[in-house]
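**Q** This is the structure, below, for whatever I ask next.
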Amino acid sequence: MSIAVSAVVKPSRLLRGTLAVAAAIHLAMACVPLAAPGAFRAPWLIAACCLAAAAGAAGALVSAGNKRRIDISGLGEMRVTVQHKLAQEVAQAAPCRLLPGSTLWAGLLMLLTRGDDGKTVVVAVFADSVSAEEFRALAVAIRAIGGQEAQDQVFFRLHKIL
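Per the numbering used here, the very first residue in the sequence shown carries number -17; after that it's consecutive.
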């Protein structure tokens, strides 16, 4: 049985919605200490922290729009390509290795990868980012790659489900 799979991972609507709600809640919470300054010791500091958290969530919301393509060959070689925003040109896919610490759950794949350039990248694949068939095929292929790596080294940690 071949583990070859190719999947286009779109930005997750669930993640984008959660980030938007978090940004809105932090923005609203920044107003609370300013509305009742006597109830708090340092209302401006609390408001500034809430605004910083809202800005962080909004920044993550903006950067969460990259489309990725994951290609896994029948021999277990993995390539990840990133398409930034709506750019027509896609970066060349370089081979990468799946690292220990990657985690597979029922609705989320957190893949820790390292390319030939030594750069470590976390690729999050949510269940709503791909079709159900692609998600299952990716999970099976990633488990197979992890099984190949486990023969050479301690790949799995006790708390990981890969």
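The C-beta atom is built at its ideal place from N, Cα and C for all residues, glycine as well.
1) Return the chain-ordered ranges of every beta strand (DSSP E) run that is complete within the region 26 to 83 and spans a minimum of 3 residues.
2) Do you know whose CA, among T102, V107 and R79, lies nearest M92's CA?
3) Any idea which residues DSSP pairs A123 with across the strands?
4) From the DSSP secondary-structure annotation, give me the bridge partner or partners of L93.
5) Can the beta-carbon of T95 be found less than 8 Å from the beta-carbon of C78?
6) Inspect the beta-carbon positions of V112 and V(-9) and report whether they are closer than 8 Å.
7) Can you name, in chain order, every residue of its own chain whose Cβ lies under 6 Å from the Cβ of V103, other than the five neighbours on each side?
8) What distance in whole Å lies between the Cβ atoms of R(-2) and L43, which are believed to be in contact at a cut-off of 8 Å?
**A** Taking the structure as given:
1) Qualifying beta strand (DSSP E) stretches, in chain order: 49 to 54, 60 to 65 and 76 to 80.
2) For the purposes of this step, residue 92 is taken as the residue at position 110 of the sequence shown. Of the listed residues, the one whose Cα sits closest to M92 is V107.
3) Here residue 123 is taken as the residue at index 141 of the sequence shown, counted from 1. Among the bridge pairs identified by DSSP, A123 is matched with none.
4) Mapped onto the sequence shown, residue 93 falls at position 111. When beta bridges are read from the DSSP output, L93 appears opposite V105.
5) Along the sequence shown, read from residue 1 onward, the residue named residue 95 stands at position 113. Along the sequence shown, read from residue 1 onward, the residue named residue 78 stands at position 96. For the 8 Å CB-CB criterion, T95 and C78 form a contact.
6) Residue 112 sits at position 130 when you count from the first residue of the sequence shown. Residue -9 sits at position 9 when you count from the first residue of the sequence shown. The Cβ atoms of V112 and V(-9) lie closer than 8 Å to each other.
7) What you label residue 103 is simply residue 121 of the sequence shown in a count that begins at 1. T95, listed in sequence order.
8) As a first step, residue 43 is located in the sequence shown; it is residue number 61 there, counting from the start. As a first step, residue -2 is located in the sequence shown; it is residue number 16 there, counting from the start. The pair is a contact, with the Cβ atoms about 6 Å apart (cut-off 8 Å).
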